[in-house]
Structures are given as C-alpha cells and as structure tokens.
Amino acid sequence: MRHILLSLCLLLSAAFSHAEAEQDNPHVILQTNHGVIELELFQDQAPETVKNFLTYVDDGFYNNTVFHRVIRGFMIQGGGFTADLNRKTTRGPVRNESHNGLSNLQGTIAMARTSNPDSATAQFFINAVDNPMLDMRPGRMGYTVFGRVVTGMDVVTAINNVPTTMKGSHRDVPEQDVTLEKAFRKGAQ
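Those letters in the sequence shown? Residues 14 to 202, by this note's numbering.
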C-alpha cells in the first residue's frame, strides 16, 4: 500500500510540474477566418525563435496576413504575405535551433526557412501530420520546432483541406484566402 501511495504521489508531482511549466510558457492566439488556434510556445527549448516570433506577434506583424502555402497531408504555412501575395518586410533572420530535441510532429509549429538553415524570419508552419523528415539529422539542420497547438487542431485540419491553386509563381495557394486576422498573446486581448 505504501508503494502505491508513493507512486501516486510521484505521478501527481510530475503532473503538477508539467502543468506549472505549461503555465510559464507563453500562449499565442491565432484568430483566423476559419476559427481560432491557440499555441503554446516552448521558450526553454527554442528561446531565440520564441523571442523572434513574439516580437512579430506584439508588433501586429501577422495581422491580416494569409496562409499562403497549404499542402494537404503535410502542413499549412503563413506569416509572410498579404492577401495579394505581397511579401512583408521582415527583420533579420534568427539562428536555427533545430538541435533542441523537439520533433516536427502533428500539431507542432516550426519556422519556415530557405535552404540556408539560419534564414528563418517571420514565416512559420503548423505540421498537419507527423513530419520527422524535417527534423535535424547528423550532417543536416532541420526546421526549428518552437511550440504546439493547444486548441484548434480542427481548424488546422480544416485549413489543410482547402482547395489550392497556383497564383503567379506561388504554388499550393488556397483558392479562397485563409486569413490570419489577428495574432496576440493570450490574455492580452
């Protein structure tokens, strides 16, 4: 009986520690024209990336941008273009933190980048499925995971299933705009 009580106490302690850590992490609300997505950001594992993302959030940079790239069964990408697909001016790039041990699993948010690992600025993507091929491997940097969807995965799925087309030089663009109307820290609204 004593072992059972000790095990139960340890389990409860671990659960409370996890809940406290989650409360300490910043949460961001993405209000889209398809519904609301709430993100928890992992500031301990990806401090530079989270700081960068929150700066864009606090500055209102993401407001009235679009998810400009949607690949069904893969991911949804946004954070860099207006509805007419004009690229927004960004700050300098952030250092790649894909060595943080986090994986591109379904519902995680990661930074988009070019072939240069340290080129991420404002664009991000939410993994619609598990995408471990985007993780860091020996000899190759990955895509920095810096948070996860807490609520609104149904919204991510709905966006991931919208019909897409080609617009100018852009492929996989939603036929109807998928707008990120507003991004803000939870509790700041």
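Built from N, CA and C at the ideal position, the CB exists for glycine as well.
PRO151 and GLY200 have their C-alpha atoms roughly 40 Å apart. Cβ-Cβ distances below 8 Å link VAL63 to PRO39, LEU54, PHE55, GLN56, PHE159, GLY160 in the same chain, with the five nearest sequence neighbours on each side left out; the list follows chain order. In the three-state scheme derived from DSSP, where H, G and I count as helix and E and B as strand, GLU188 is classed as coil.
Put simply, of TYR156, GLU51, ARG126, PHE94 the residue whose alpha carbon is nearest the alpha carbon of HIS112 is TYR156. In the structure shown, PHE66 adopts helical secondary structure according to DSSP, grouped into three states. Per DSSP, THR177 lies in no alpha helix (DSSP H); the unbroken beta strand (DSSP E) holding it starts and ends at 177–180. The DSSP assignment places complete beta strand (DSSP E) segments of no fewer than 3 residues inside the segment 101–148 at 121–124, 137–140, in order along the chain. According to DSSP, residue pairing for HIS81 in a beta bridge does not occur.
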